[in-house]
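Notes for the one structure printed next.
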Amino acid sequence: MCFLVLLLTMMVMKNNNNNNYNILINMLNNNYNILMMKSNNLLLFNNNNNNNNNNNNNNISNKNNNNNIINNNNNNEMMNKDNNNNNNEMMNKDNDYNNNMFYNNNNNNKSRKSLLDLTNNDISMYNYEWDKTEFNFDKFYKEYKYNKPNDKLPSKEFLEWFLGFFEADGCMTIPKNLNYSMIITSHKKDLFLLNYIKDNLLMGNVVKNSNKLDNYRWQVYKQQDIKLLIHLFNGNTVLPVRYVKLSMFISNINMKLLKNNEPIINIINKCKLPRLDNSWLSGFTDGEGCFSIGKTQSFYRVIYNINQKYIANKYILDYILNLLRELMNNNNLGGVYMHSSKTKNVYEMRISSMEGCSKLRLYFDKYPLRSYKFLVYKNWLKFIDMAMNKSLSKDIRKNKLMIMLNNIRNISKMNK
1 MCFLVLLLTM MVMKNNNNNN YNILINMLNN NYNILMMKSN NLLLFNNNNN NNNNNNNNNI
61 SNKNNNNNII NNNNNNEMMN KDNNNNNNEM MNKDNDYNNN MFYNNNNNNK SRKSLLDLTN
121 NDISMYNYEW DKTEFNFDKF YKEYKYNKPN DKLPSKEFLE WFLGFFEADG CMTIPKNLNY
181 SMIITSHKKD LFLLNYIKDN LLMGNVVKNS NKLDNYRWQV YKQQDIKLLI HLFNGNTVLP
241 VRYVKLSMFI SNINMKLLKN NEPIINIINK CKLPRLDNSW LSGFTDGEGC FSIGKTQSFY
301 RVIYNINQKY IANKYILDYI LNLLRELMNN NNLGGVYMHS SKTKNVYEMR ISSMEGCSKL
361 RLYFDKYPLR SYKFLVYKNW LKFIDMAMNK SLSKDIRKNK LMIMLNNIRN ISKMNK
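Residue numbering for the sequence shown follows the UniProt record's numbering, beginning at 1 and increasing consecutively.
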């Protein structure tokens with residue numbers, strides 16, 4: 001490792017080109033972090049399989065609890081030995097930035113295994129800023145034009161919707177063979193939606209995923225398209241957990257880029273706050289939302305709800321609810337609750353009043369749903385309007401509501 005540091009440093013000192021200098025500095029820092037990651041993985045393996053070695057166990061504990069401190073101290077020691085003051089200043093600047101890109105958190109040494117095995121503690125160790133500005137598609141559009149010069153650019157409205165839908169239903173995979181992919185899986189009722197995504201982005205393909213479950217998936221394996229999607233998501237994610245998973249995904253992509261001597265992708269450590277002047281919530285509801293009707297002996301209950309795992313994402317549910325409260329001028333609208341199921345660490349934003357659910361049209365009529373839930377939503381609203389229509393007698397209204405409820409159930413059955 002010291003030889004690698006010395007060699008790269010000598011190359012830097014001989015090169016007066018600033019761009020090449022910065023590239024080599026980045027490679028120096030990044031290769032060091034990769035070596036540290038491999039060392040951490042080896043120690044982690046020894047900890048799990050060799051309980052007889054107390055020294056290794058202590059080292060592993062120190063690694064897991066002080067990973068950032070060790071990385072920073074080792075980086076500073078390395079730079080003090082091999083660089084003059086000017087180089088040290090520049091490398092410190094680059095290293096501070098790269099801390100957001102390469103394995104600066106305890107959970108990074110297992111990012112190759114899965115993006116699913118995250119805990120609240122893992123997520124809390126990532127640093128990001130909240131950004132209230134609009135989505136920024138400049139980098140995505142620039143790269144899209146370069147890589148697909150003859151293709152039509154996806155519209156801003158579609159991209160806003162797609163971001164929300166992918167955050168709800170999308171998946172980024174890091175297989176052992178390093179053939180990275182991005183996937184959305186849906187039931188056959190939304191097969192048209194997967195093709196709609198493919199046709200707008202001009203990426204990926206749609207295939208049958210499971211005969212047993214009767215579902216399909218839109219999948220992107222082409223590395224050029226993977227990079228384009230990264231530029232779309234980078235800096236535009238809303239959910240903190242999605243930001244963490246994207247960061248882990250990009251870090252693994254960067255390892256592959258380094259091996260191929262290609263420029264790495266800088267992670268933008270920001271999460272966008274949701275807004276009601278774009279289609280993100282519409283896309284997110286298409287993937288994660290639910291419009292339902294419950295019946296008791298004496299009354300009907302309508303519900304709009306969104307569920308999310310992890311306490312970090314609960315903040316976004318609270319924020320969305322407050323936006324809807326402002327839109328409807330109702331500070332008592334709905335609430336965010338711990339999910340009632342046995343599944344832990346799941347939270348639910350729920351609106352269950354007739355009036356509150358009725359006013360959701362203020363948003364969804366302006367930014368319409370695009371999945372089969374559009375039909376469910378429209379019939380759900382008609383049901384609410386009928387239930388709130390006091391001009392009809394109670395018996396007539398009751399009969400009409402029963403007919404409408406059966407129609408809604410039939411729509412759901414048709415899509416099963």
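Glycine residues also receive a C-beta, built at the ideal position from the N, C-alpha and C atoms. All of these numbers come straight from a predicted model, not from anything done at the bench.
Do residue i and residue j have their CB atoms nearer than 8 Å?
i    : j    : result
W380 : S282 : no
N209 : N200 : no
F135 : N331 : no
E129 : K270 : yes
E167 : T237 : yes
G334 : S358 : no
Y304 : F291 : yes
L239 : I316 : yes
L327 : L362 : yes
L323 : L276 : yes
What are the boundary residues of the beta strand (DSSP E) that includes residue i?
i    : result
G187 : With the sequence shown as reference, residue 187 is identified as His, and Gly is not the correct amino acid for it. H187 -> beta strand (DSSP E) spans 181-187.
E348 : 346-351
N209 : 205-210
Y216 : 215-220
K366 : Taken as a continuous stretch (DSSP letters only), K366 belongs to no beta strand (DSSP E), as it is neither H nor E.
G356 : Where G356 is concerned, there is no enclosing beta strand (DSSP E), although the alpha helix (DSSP H) it sits in stretches over 354-358.
K272 : 270-272
G334 : First-last for G334: undefined, no H or E at that position.
In the DSSP assignment, find the alpha helix (DSSP H) that holds residue i and state where it starts and stops.
i    : result
Y243 : 240-259
T285 : 280-288
I306 : From DSSP, I306 is part of no alpha helix (DSSP H) but of the beta strand (DSSP E) over 300-309.
K382 : 373-387
K198 : 191-201
H231 : 223-233
Tell me which same chain residues have a C-beta within less than 7 Å of the C-beta of residue i, skipping the five on either side of it?
i    : result
Y144 : L153, L228
M386 : R397, K400, L401, M404
S371 : D190, L193, D286
S181 : T173, Q219, V220, Y221
D318 : V336
F140 : L228, H231, L232
N410 : none
K382 : M404
M354 : V302, I384, A387, M388
Taking 6 Å as the limit between beta carbons, can you name the residues of its chain near residue i, skipping five residues before and five after?
i    : result
K314 : Y347
I197 : W218
I408 : N379
K132 : L273
N195 : V206
Taking 8 Å as the limit between beta carbons, can you name the residues of its chain near residue i, skipping five residues before and five after?
i    : result
S412 : V376
I320 : P274, L281, I306, M349
Q224 : N147
N205 : K198, W218, Q219
L163 : F135, L232, F233, N236, T237, V238, W280, G283
Q297 : none
N345 : N120, K309, Y310, I311
Around the Cβ of residue i, are there at least 16 other Cβ atoms within 10 angstroms (buried) or fewer (exposed)?
i    : result
P175 : exposed
L246 : buried
N260 : exposed
F137 : buried
Q308 : buried
G294 : exposed
K113 : Annotation note: pLDDT 39 at K113 (below 50); position unreliable, no value reported.
K272 : buried
S251 : buried
R301 : exposed
M388 : exposed
N406 : exposed
N207 : Going by the sequence as given, residue 207 is Val instead of Asn. Classification of V207: exposed, given that the 10 Å Cβ count is below 16.
L213 : exposed
L392 : exposed
S186 : buried
M203 : buried
K373 : buried
D169 : buried
F299 : exposed
M248 : buried
Q: Go through the segment 110-182 residue by residue and report every complete run of the alpha helix (DSSP H) that reaches 4 residues or more, in order.
A: List check, alpha helix (DSSP H) in window: 120-124, 138-147, 156-169.
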